[in-house]
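Residue numbers (my numbering), protein chains in the order written: chain A, 179 to 612; chain B, 179 to 612. Quick reminder that beta carbons are idealized off the backbone N, C-alpha and C, glycines included.
Next up, the structure:
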């Protein structure tokens with residue numbers, strides 16, 4: 179696919195249907211073998227519930243696969259918002275790269291059809307979208323270890339700490355064309371929630387005042403714009419770009435990361451921040467999902483411990499790789515090969531991680547705010563039927579997000595973040611006026 | 179030229195000689211018209227004194243041009259150090275871009291021959307290389323204003339402050355292939371001077387102890403490695419990449435910037451730091467060029483005032499553009515359109531400039547150190563015949579550079595930097611032991 183003309187729709191492109199898909203896939207030997215039987219007997223189901231794409235499950239007598247196809251527009255909005263098919267190219271490229279650095283943590287790619295903007299991949303069963311499981315209050319004992327491993331591996335190994343400078347620049351260029359997807363992030367995360375925009379919506383009238391106060395909060399707008407500039411100009415590592423709990427499929431023992439169509443070489447904290455933001459949103463949403471007040475308290479504690487385990491696991495895994503696998507052109511080993519130099523380097527590594535933590539909190543805050551005031555919301559909150567209860571959860575999350583974004587230095591550890599979440603979760607956000 | 183295979187030398191490539199060049203250029207109408215007369219009567223002179231390329235002056239009865247041709251190796255070292263011809267492609271691309279943002283401040287490009295890695299351009303006469311003029315103690319009244327205008331215009335207009343995000347990513351990708359040139363900088367500026375390397379040389383034995391102490395200085399090695407990582411991963415703007423006084427041609431009234439073959443999208447402070455570093459090196463070198471002690475004191479004051487004028491001019495010009503021409507996707511105007519928000523934005527702009535100043539000092543320090551301990555030296559210092567005098571100037575510069583790199587926050591203004599230079603210039607660097 180010509181990634182330089184993102185608006186191009188190949189003449190042979192056609193959105194697939196359950197009827198058309200078997201005919202297309204029947205030509206691919208690996209898929210025919212995997213599904214077995216006659217293609218006309220394959221059972222196809224369209225299961226996409228995301229914002230952007232078509233997703234199918236295809237089953238034959240011998241097995242099943244998942245098929246994801248990009249549409250030339252944003253599915254959530256419709257044809258009025260065109261979106262290049264090239265995102266399938268970048269998703270495919272990212273899946274291949276991630277599999278190299280974090281083997282077994284992404285769905286295996288079986289087939290990529292560039293002209294159809296279509297990726298056929300391993301069917302993850304009995305996995306569920308982690309967000310859905312968390313709404314149901316299900317504990318996933320292995321996710322924090324897995325997700326911190328994935329983040330540490332993919333971010334470290336695509337950074338200047340691990341790569342030769344020339345290879346890193348090739349990686350930057352390979353993903354530089356994914357501008358439409360970056361543009362969505364720049365608009366809907368870093369800009370629109372802080373201004374009047376037709377794309378915005380929120381629980382109204384309950385959050386009207388809070389939404390207005392955020393639009394008028396100059397300090398916050400400075401802080402989010404600083405993050406936006408970092409998103410646009412910090413080529414730190416190949417990031418997933420959309421690492422929320424809807425991009426994670428889990429069982430009790432397995433964790434897989436899907437949907438890297440927003441991937442590009444950007445700031446690492448955007449990925450780690452996405453994880454923490456979405457866990458915090460789920461935490462605040464529990465008030466709307468528990469059968470009786472306090473019924474989900476144990477689950478709340480598990481969510482917060484998951485946040486701590488994720489960050490602490492990421493921190494130690496990233497540093498371990500830096501200590502043992504730093505083959506990149508940054509921080510050349512030749513400069514730090516004596517005991518005193520190694521002590522100074524270790525100090526700098528902690529400083530680096532502290533900076534990454536600060537970025538993480540800022541990006542987490544931006545992602546919390548956009549999910550409550552912007553275009554795309556989370557079902558953790560959306561599925562709370564009672565608007566007053568939903569607004570309470572959302573207001574707590576918004577208020578906490580503001581402190582994270584304005585004063586990240588007030589949070590010296592992830593435990594300080596989870597302790598703050600506890601405190602925000604105990605307040606009546608409308609107490610003063612209600 | 180295929181920039182994806184940088185090692186490739188086109189079959190038709192041939193290093194030009196004064197004999198061959200007229201035949202090549204005779205086919206270019208614009209050059210034929212400009213030079214006039216018969217090509218076989220054109221007078222060609224090879225004048226290259228740089229580290230990398232061939233440079234010719236070609237004159238005909240009607241006028242003259244300059245021709246720069248890349249060699250497939252580093253001229254300073256020889257064929258044992260290959261260097262891709264593609265650098266001519268990036269130099270041409272940068273010259274075109276710089277001319278757009280800073281019209282009349284670069285040599286006009288007349289012709290680009292990709293297969294020959296050759297650029298024919300305006301002959302700058304009676305301009306001299308600024309470094310040579312400064313060694314002779316010549317004052318250039320207009321350079322600080324011109325150079326600060328050039329830096330502010332080219333850096334601002336190729337940054338996210340001025341560009342649409344998608345266009346900026348195209349710019350990043352366009353220059354991502356210039357990895358060989360970036361690699362030289364990464365090695366000879368940020369790495370080799372801090373370790374034992376065959377590429378290093380210094381005034382010996384006078385600087386032996388100081389060179390060893392820098393190789394053993396862990397704090398400094400941490401600081402320079404932090405700068406190296408910033409050089410590798412901060413895609414702030416299209417930088418010249420080699421903005422020393424040897425890349426500036428001047429008269430009393432005109433200033434032109436040449437030789438952007440190191441251009442890529444990197445940290446702005448690398449360019450502003452290069453200017454300040456090379457002015458400081460010239461300042462310290464005056465002890466070796468004055469007829470009698472103190473004879474160049476007025477010139478020294480002019481050099482320091484030039485440093486101040488350059489930075490202060492850059493600061494105000496960059497900010498003025500930000501205030502009036504901020505059409506980029508960063509810091510969207512829609513978020514800062516009320517008086518209170520504008521005050522907060524103005525505060526953030528000062529904070530941004532303070533960060534850029536800090537970067538500038540760090541990169542300046544790195545460039546001072548590499549010119550004294552690394553591969554490529556400056557004639558400001560090299561032309562001092564008396565090794566003891568040269569070592570005195572070099573030691574002062576090294577010591578000051580160390581403080582700039584380790585404690586940039588100690589320098590809150592450019593006047594604090596020039597005042598420190600004055601103090602370093604008054605010490606006997608070998609006093610303790612000599």
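Three-state class that DSSP yields for residue i in the structure shown
{"i": "residue 505(B)", "result": "coil"}
{"i": "residue 525(B)", "result": "helix"}
{"i": "residue 242(A)", "result": "strand"}
{"i": "residue 192(A)", "result": "coil"}
{"i": "residue 276(B)", "result": "helix"}
{"i": "residue 312(B)", "result": "helix"}
{"i": "residue 318(B)", "result": "coil"}
{"i": "residue 204(B)", "result": "coil"}
{"i": "residue 186(A)", "result": "coil"}
{"i": "residue 386(A)", "result": "helix"}
{"i": "residue 337(B)", "result": "coil"}
{"i": "residue 391(B)", "result": "helix"}
{"i": "residue 556(B)", "result": "coil"}
{"i": "residue 380(A)", "result": "coil"}
{"i": "residue 324(B)", "result": "helix"}
{"i": "residue 198(A)", "result": "coil"}
{"i": "residue 270(B)", "result": "helix"}
{"i": "residue 577(B)", "result": "helix"}
{"i": "residue 211(A)", "result": "helix"}
Counterpart residues of residue i in DSSP-defined beta bridges
{"i": "residue 289(B)", "result": "298(B)"}
{"i": "residue 221(B)", "result": "237(B)"}
{"i": "residue 307(B)", "result": "427(B)"}
{"i": "residue 247(B)", "result": "232(B) and 296(B)"}
{"i": "residue 260(A)", "result": "251(A)"}
Rounded C-alpha distance that separates residue i from residue j
{"i": "residue 181(A)", "j": "residue 348(A)", "result": "Its pLDDT being 46, under 50, residue 181(A) is placed unreliably in this model, and the coordinates cannot settle the point."}
{"i": "residue 554(A)", "j": "residue 548(A)", "result": "7 Å"}
{"i": "residue 341(A)", "j": "residue 506(A)", "result": "4 Å"}
{"i": "residue 231(A)", "j": "residue 436(B)", "result": "49 Å"}
{"i": "residue 570(A)", "j": "residue 600(A)", "result": "14 Å"}
{"i": "residue 611(B)", "j": "residue 402(B)", "result": "Its pLDDT being 48, under 50, residue 611(B) is placed unreliably by the model, and the measurement read from it follows with that caveat. Rounded to whole angstroms, residue 611(B) to residue 402(B) spans 28 Å at the Cα level."}
{"i": "residue 618(A)", "j": "residue 407(B)", "result": "Beyond the ends of chain A as shown, which are 179 and 612, falls residue 618(A); an answer cannot be given."}
{"i": "residue 496(A)", "j": "residue 428(B)", "result": "50 Å"}
{"i": "residue 211(A)", "j": "residue 241(A)", "result": "9 Å"}
{"i": "residue 418(B)", "j": "residue 498(B)", "result": "21 Å"}
{"i": "residue 525(B)", "j": "residue 546(A)", "result": "26 Å"}
{"i": "residue 310(B)", "j": "residue 405(A)", "result": "44 Å"}
{"i": "residue 331(B)", "j": "residue 277(B)", "result": "10 Å"}
{"i": "residue 609(B)", "j": "residue 196(B)", "result": "52 Å"}
{"i": "residue 465(B)", "j": "residue 307(B)", "result": "21 Å"}
{"i": "residue 293(B)", "j": "residue 187(B)", "result": "8 Å"}
{"i": "residue 441(B)", "j": "residue 538(A)", "result": "31 Å"}
With 16 other Cβ atoms within 10 Å as the buried cut-off, status of residue i
{"i": "residue 580(B)", "result": "buried"}
{"i": "residue 563(A)", "result": "exposed"}
{"i": "residue 551(B)", "result": "buried"}
{"i": "residue 391(A)", "result": "exposed"}
{"i": "residue 521(A)", "result": "exposed"}
{"i": "residue 605(B)", "result": "exposed"}
{"i": "residue 528(B)", "result": "exposed"}
{"i": "residue 267(B)", "result": "buried"}
{"i": "residue 420(A)", "result": "buried"}
{"i": "residue 430(B)", "result": "exposed"}
{"i": "residue 444(B)", "result": "buried"}
{"i": "residue 533(B)", "result": "exposed"}
{"i": "residue 478(B)", "result": "buried"}
{"i": "residue 396(B)", "result": "buried"}
{"i": "residue 259(B)", "result": "exposed"}
Residue i beta carbon near the ligand NAP (any heavy atom closer than 7 Å)
{"i": "residue 570(B)", "result": "Summarising the ligand content, the structure contains no ligands, and the ligand NAP is consequently not present."}
Beta strand (DSSP E) segments (min. 3 residues) lying fully within the stretch 394–482 of chain B: 415–417, 426–428, 433–435 and 442–444
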